[in-house]
Amino acid sequence: MPIRLFDYFRSSASYRVRLALNLKGLEYTQIPIDLRLAEQSTPPYLKINPQGLVPALQIGTEIISQSLAIIEYLDEIYPTIPLLPKDPLQRAKIRSFAQIIACDIHPLNNLRVLNYLRDHLQMNEDQKHHYYHHWLKQGFDTLEEKLKQSTTKHTFCFGNTPCLADICLIPQIYNAQRFHFDLTPYPICLKISEHANKLEAVIKAYPKE
Ligand SMILES: N[C@@H](CCC(=O)N[C@@H](CS)C(=O)NCC(=O)O)C(=O)O
């Protein structure tokens, strides 16, 4: 079935889906939606995703939005290289880690939120920077602590192969670095991302215009 990914190179939610597709070795066509030009809010794209956010995945004639829903769907229909294990407890732990990023860090620092702070609450760049880093610190403190408990013996978040947790962590680290957030207090997160960034599938997903 042909797969088309509506994405933006710097969007970390899109980056997650590129990682999942590449790790599974799936072919896909990228359709760029330029957030700098607000293309996510134009009528043609709103027909694809009425929420006005990227990514959206078209698979055959069906369209799915929300990166985690897309990734779990891909994992169910293309299970050969799994991104979630079979064990229910381990699945729950991996989802819990992924959701710290996707539900509790990323939405607070999304473009539309930052634009709202600037346009409606008159926050200047310094205040926005402070706000952004505040939520990154809270999030990364938790992620590092969780990884301390889970990664004594393996190279990725929950094992020796990348899973949904790594797929969320790698773009969040990219985002933090892009916004000049100091990651030295988070050596486990950094080590996992450095290790992951050597994989062909991960290199291929890296944000590039
Ligand atoms: N929870 C959604 C988040 C999607 C999202 O927020 N995408 C951002 C880019 S990372 C976006 O499209 N932002 C456009 C905007 O804020 O106007 C997912 O995981 O797919």
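At position 61 of the sequence shown (counting the first as 1) the number is 53 in our numbering, and the numbers step up by one without a gap. Positions of the beta carbon are idealized from the N, C-alpha and C atoms, including for glycine. Computed from a prediction, not measured in an experiment: that's the story for all the values here.
What three-state label does DSSP hand Phe148 in the structure shown? coil
Cα separation between Phe150 and Glu117? Going from the Cα of Phe150 to the Cα of Glu117 covers about 37 Å.
Which residues in the same chain as Glu136 place their Cβ atom closer than 7 Å to its Cβ, once the five residues preceding and following it in sequence are excluded? Tyr178, Ile180 and Cys181
Tell me whether Ser88, by its Cβ, gets closer than 6 Å to a heavy atom of ligand 1. no
Pick from His112, Ala188, Leu161 and Lys85 that is closest to Gln141, judged by C-alpha positions: The shortest Cα separation from Gln141 among His112, Ala188, Leu161 and Lys85 belongs to Lys85.
Can you name the start and end residues of the beta strand (DSSP E) that Glu201 belongs to? Note, Glu201: premise wrong, no beta strand (DSSP E); not H, not E.
Cα separation between Asn107 and Gln114? 10 Å
Quick one: residues in its chain with C-beta nearer than 6 Å to the C-beta of Arg2, no 5 flanking neighbours on either side, listed in chain order? Within the same chain, Arg2 has close Cβ partners Pro199.
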